[in-house]
Amino acid sequence: EKIEHACSEAKRAGAQRFSIVTSGKTLDMDEIAAVAAAAETTRDKCGIPVCASLGSLDREKLQCLGAAGIERIHCNLETSERFFPKVCTTHAWRSKVETVKAAKEEGFEVCCGGIFGLGETWEDRLDMALTLKELNVESVPLNFLVRVPGTPLAEARPLEPLEILRIIAVFRHVLPDKDIRVCGGREANLRSLQSWIFYAGANGVMLGDYLTTTGNPPEEDLQMVRDLGLKARSRVKGEK
């Protein structure tokens, strides 16, 4: 019921998709089956596509999700293969690539991107963009670190708004035909330059709250789009 309510609220706010997101490395098959059942019910009641972000997934799990009507799988690479071990030790970067490849082979669209401001170099950023190009993912979410006191990256160098805009521009140059969505950390890091993301090359944002941080009220983001003379894209029948 909570998932269905959240989906209804997202649709009312103008969202074109709704994603079920879990934390952790992966889910077992019983948990995957529960997500699949919830996704199928939610999609039927709300009438918008349901995506899933569930960590590492093998073919059996992907097939269960596909049978429930889930169209798109989210699995971020986070950063380059070279830099990944410096920020994550619980699993390998390669396992993420394997999940993306398996999802593509099972017929899913894939949403795959990363996070910036971890201490990575421009070479790391470009390497990730080129990997995403090679994997031929459909949607690329770009996240920007929100520094939280008491966490390992609390003292990381903050990203300047213009540096973030350059990151977006580089990804648009490498991935000219993909959806580039600016997600977590947009509000805290870009501040008064949030609307500039569209001039830098982004063509989407994530509405509402994120996994661990609070976002703008959806109406504020929609008003920002209108103020720029842009229109929110409507989902075309048959479009994934």
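So the sequence shown is numbered by our numbering: it starts at 1 and just counts up by one.
A virtual CB, placed ideally from N, CA and C, is assigned to each residue, including glycine.
Since the model is a prediction, treat every value here as computed from it, not as a measurement.
Under a 10 Å Cβ-count criterion, residue 62 is classified as buried, with 16 or more other Cβ atoms of the shown protein chains found around its own Cβ. Comparing C-alpha distances from residue 157 to each of 120, 100, 85 shows the shortest one belongs to 120.
Rounded to whole angstroms, residue 20 and residue 55 show a C-alpha spacing of 11 angstroms. Following the DSSP letters along the chain, one finds residue 8 inside the alpha helix (DSSP H) bounded by residues 2-12. For residue 136, the closest C-alpha among the options 11, 177, 167 is that of 177. Nearest in C-alpha terms to residue 73, of all of 52, 83, 164, 17, is 52. Contact annotation: residue 76 and residue 112 have beta-carbon atoms nearer than 7 angstroms. Sorting 169, 28, 94, 86 by C-alpha distance to the C-alpha of residue 65 places 28 at the top. Counting other Cβ atoms within 10 Å of its Cβ, residue 192 stays below 16 and is therefore classed as exposed. Distances from the alpha-carbon of residue 11 to those of 163, 187, 222 put 222 closest. Shown here, residue 107 sits in coil according to DSSP, grouped into three states, outside any helix or strand. With fewer than 16 other beta carbons inside 10 angstroms of its own, residue 37 counts as exposed. If you draw a straight line from the Cα of residue 181 to the Cα of residue 198, it is about 10 angstroms long.
For residue 132, the closest C-alpha among the options 145, 154, 101, 148 is that of 101.
Setting aside the 5 residues that flank it on each side, residue 7 is surrounded in the same chain by 18, 42, 46, each with a C-beta closer than 6 angstroms to its C-beta; the list follows chain order. Beta-bridge pairing by DSSP links residue 88 to no other residue. Taking 7 angstroms as the cut-off, the Cβ atoms of residue 15 and residue 165 do not count as close. Annotation for residue 51: the continuous beta strand (DSSP E) segment containing it runs 50-53.
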